[in-house]
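Taking it in order: structure first as structure tokens, then the write-up.
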Amino acid sequence: MENGHQESPRKLLVTGASGGIGDAITRRLLDRGHQVVALSRDFSRCSDQTGLDKRTVDLAELDALPRRLAEIMADHPDLDGAVLNAGSGRFGNLEEFSYQQISELVTINLTQHLYVARALVPLLKKMAPSDLITIGSEAALTGGRKGAVYSACKFALRGFSQSMRAECSGSGVRVSLINPGMVDTGFYQNLNFKPGEKAENALRADDIANAVMLVLEAHPGTVFDEINLNPLKRVIAFKN
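So the sequence shown is numbered by my numbering: it starts at 1 and just counts up by one.
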């Protein structure tokens, strides 16, 4: 079958896999019969499932990350895809950030992605046809008030994805970037705003999982370079 690789069971690594978008992607992959190596800081709310290997990893601990990633690669030398999803949000005018907060935000929203990709790409090239998917953000497309640090990371991820697309295509690795607008998840739990209450004011985590499956199930010669998703009506609700 022409796209048999995509229809055969695969094994993918998913970061930030224990909640929100990452959980939706992980569940969708498992439902389709694929195996998932899931990375998260906390799996306390996640049950064991067939085909799921949960690895407790703090992606912000950069000094330990190469060793942890090498261990995962050694245990799973047949990984043929990855979804780089982990991240967190903090918003405010630039002068409201401490230098430590800037460093932490850049680490979790940019640097750790580069570390994970650095560990994975040699294996993905070996296992090609394979996929490297990054979950970005609408903040990669337009900078906005109180989003300077967050947007800087997401713009950088967009450039990273474009460069990796050029770097990896000759090796049979498809590189894709998915940029969601506001999604109804716990992302906003510690923020002072959230999407509006109506259904058309927010994407669902399953919408992002659908986009991931669109990328993975495409003919091996087809690459979705970038997918942008947004709610029908963008409404921001500020909390008291």
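Cβ atoms here follow ideal geometry from the backbone N, Cα and C, with glycine treated the same way.
Query raised in the report: V83 to I208, Cα distance in whole Å?
Result: Rounded to whole angstroms, the gap between the alpha carbons of V83 and I208 is 11 Å.
Query raised in the report: Short check: CB of T15 to CB of A86, under 7 Å?
Result: yes
Report task. Determine the direct distance from the alpha carbon of L65 to that of S171, and round the result to whole angstroms. Result -> 25 Å
Requested in this report: Take the Cβ of T134 as the centre, count every other Cβ of all protein chains shown within 10 Å, and call the residue buried at 16 or more, exposed below.
Outcome: buried
Query raised in the report: Whose C-alpha, out of R67, L69, Q35, is nearest the C-alpha of D53?
Result: Q35
Query - Per-residue DSSP class, three states only, for V36 - result: strand
**Report entry** the segment 124 to 139 in contact with the segment 71 to 83 per 3-pair CB rule at 8 Å
**Finding:** They touch, by the three-pair rule.
Query raised in the report: Are the CB atoms of V235 and G196 nearer to each other than 7 Å?
Result: Yes, the Cβ-Cβ distance between V235 and G196 is below 7 Å.
Report task. Answer yes or no: do L124 and V57 have a C-beta to C-beta separation smaller than 7 Å? Result -> No, they are not a contact pair.
Query - Check whether K146 and F91 have beta carbons under 7 Å apart - result: Contact: yes.
Query raised in the report: Taking C-beta to C-beta, are A205 and A38 nearer than 7 Å?
Result: no
Requested in this report: Only counting runs of 3 or more residues, tell me where the beta strand (DSSP E) segments fall wholly within the segment 9 to 59, in order along the chain.
Outcome: 11 to 15, 35 to 40, 52 to 56
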